[in-house]
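Here UniProt numbering is used: position 105 in the sequence shown is 105, and no number is missing along the way. Quick notes on the structure that follows.
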Amino acid sequence: MARPPADQPLLTPDRIIMVALRLIDRDGAAALSTRKLAAELGVSNKAVYHYYANKEDLLRAVYLSILDQLELPAGRDLPWPEQLRRFARSFRELARRHPSFLVDFLQPGCPALQELGALDVLYRLIREAGLPDPLMLHTGQLLLNFMIGYLRGEQSGEFNPEVYGASLDLAARHPGQFPTLEALPLPDSDTDALFSLAVNLLIGGLEATVAAARAQAPA
Numbered sequence: 001m002a003r004p005p006a007d008q009p010l011l012t013p014d015r016i017i018m019v020a021l022r023l024i025d026r027d028g029a030a031a032l033s034t035r036k037l038a039a040e041l042g043v044s045n046k047a048v049y050h051y052y053a054n055k056e057d058l059l060r061a062v063y064l065s066i067l068d069q070l071e072l073p074a075g076r077d078l079p080w081p082e083q084l085r086r087f088a089r090s091f092r093e094l095a096r097r098h099p100s101f102l103v104d105f106l107q108p109g110c111p112a113l114q115e116l117g118a119l120d121v122l123y124r125l126i127r128e129a130g131l132p133d134p135l136m137l138h139t140g141q142l143l144l145n146f147m148i149g150y151l152r153g154e155q156s157g158e159f160n161p162e163v164y165g166a167s168l169d170l171a172a173r174h175p176g177q178f179p180t181l182e183a184l185p186l187p188d189s190d191t192d193a194l195f196s197l198a199v200n201l202l203i204g205g206l207e208a209t210v211a212a213a214r215a216q217a218p219a
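Have a look at this one:
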């Protein structure tokens, strides 16, 4: 096993992942290189390759370490909407701590056991909501896609009031042409309230889908 200088901690897979994650959070995954990581660790490139054959393997290990931090709701005594809110909040908190998480979550064709744990909880909640099993897989994927899309938009600043302001200002320069837009106020910048609204819309949509499925079910 490669040993760093005496004043450096022993090189281990966990330490490599910890330092790599710090660099990714700071500079982004694209900027990570074995050379930079080895320099940060105080070891040679070869020492890193001893544990991870390439950058892809390393990024996968970092991603799985992030996924281990996802807190899944275990309180079955709570109503499913509240459990879903907790699931969504945990998902968001993880994405805010580690923005690269959203890039890798549920990549097609390479599921991880940790992902299955998150999916199992999500599908349990959908089942508790009353959705028929034949609709569950598509519904769960749609809910995740909406959630991931929202969080990516939040990361890129798409919900900043200034973004809406540009459209409203343009509408105001054409009086009477866009009357609804002209009448709208700018939203506030409370991102937590906006996220709660987004989750409530998802819950409301799921409840409406369950109601429609029940109405169409044979008597």
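Beta carbons are placed, not taken as given, at the ideal position from N, Cα and C, and that holds for glycine.
Pairwise C-alpha distance: residue j and residue i
{"i": "Arg15", "j": "Glu207", "result": "45 Å"}
{"i": "Asn110", "j": "Gly117", "result": "Note that residue 110 is Cys in the sequence shown, not Asn. Answer to the nearest angstrom: the Cα atoms are 14 Å apart."}
{"i": "Met1", "j": "Gly140", "result": "Note that Met1 scores 46 on pLDDT, short of 50, meaning its location in the model is unreliable; the coordinates nonetheless yield the value given after this. Roughly 44 Å between the two C-alpha positions."}
{"i": "Arg96", "j": "Gln155", "result": "8 Å"}
{"i": "Leu113", "j": "Ala213", "result": "31 Å"}
{"i": "Ala79", "j": "Asp57", "result": "What sits at residue 79 in the sequence shown is Pro, not Ala. Cα to Cα, Pro79 sits roughly 39 Å from Asp57."}
{"i": "Val121", "j": "Ser33", "result": "35 Å"}
{"i": "Met147", "j": "Leu94", "result": "13 Å"}
{"i": "Ala53", "j": "Asp68", "result": "22 Å"}
{"i": "Lys55", "j": "Glu128", "result": "41 Å"}
{"i": "Ile126", "j": "Arg173", "result": "46 Å"}
{"i": "residue 220", "j": "Ala211", "result": "Here the chain has residues from 1 to 219 only, and residue 220 is not among them."}
{"i": "Pro161", "j": "Lys46", "result": "49 Å"}
{"i": "Arg92", "j": "Gly153", "result": "12 Å"}
{"i": "Ala215", "j": "Asp133", "result": "16 Å"}
{"i": "Asp192", "j": "Glu182", "result": "26 Å"}
{"i": "Ser167", "j": "Ala219", "result": "49 Å"}
Whole-number beta carbon distance between residue j and residue i, since they are thought to touch under 8 Å
{"i": "Val164", "j": "Leu197", "result": "The displayed chain sequence assigns Tyr, not Val, to residue 164. About 14 Å; that fails the 8 Å criterion."}
{"i": "Val62", "j": "Ile17", "result": "5 Å"}
{"i": "Leu102", "j": "Leu151", "result": "6 Å"}
{"i": "Leu137", "j": "Thr209", "result": "Rounded, the Cβ-Cβ distance is 14 Å, inconsistent with contact."}
{"i": "Leu202", "j": "Leu143", "result": "6 Å"}
Residue i, enclosing alpha helix (DSSP H) - first and last residue
{"i": "Asn145", "result": "Met136 to Ser156"}
{"i": "Asp104", "result": "Phe101 to Asp104"}
{"i": "Thr180", "result": "Pro179 to Ala183"}
{"i": "Ser90", "result": "Trp80 to Arg97"}
{"i": "Ala166", "result": "Pro161 to Ala172"}
{"i": "Gln114", "result": "Leu113 to Ala129"}
Pick from the options that is closest to residue i, judged by C-alpha positions
{"i": "Tyr51", "options": "Ala20, Leu70 and Ala31", "result": "Ala20"}
{"i": "Gly28", "options": "His174, Asn54, His98 and Ser189", "result": "His98"}
{"i": "Leu72", "options": "Arg85, Leu64 and Asp188", "result": "Arg85"}
{"i": "Arg89", "options": "Thr209, Phe159, Val199 and Ala217", "result": "Val199"}
{"i": "Leu10", "options": "Leu201, Gly42, Asp25 and Asp192", "result": "Gly42"}
{"i": "Glu158", "options": "Phe195, Leu201 and Ala38", "result": "Phe195"}
{"i": "Glu115", "options": "Ala31, Ser65, Gln83 and Glu82", "result": "Ser65"}
Per-residue DSSP class, three states only, for residue i
{"i": "Gly42", "result": "coil"}
{"i": "residue 220", "result": "With the chain covering only 1 through 219, there is no way to say anything about residue 220."}
{"i": "Val65", "result": "For clarity, residue 65 is Ser in the given sequence; the question names Val instead. Helix, per DSSP."}
{"i": "Arg22", "result": "helix"}
{"i": "Ala213", "result": "helix"}
{"i": "Pro132", "result": "coil"}
{"i": "Asp27", "result": "helix"}
{"i": "Glu207", "result": "helix"}
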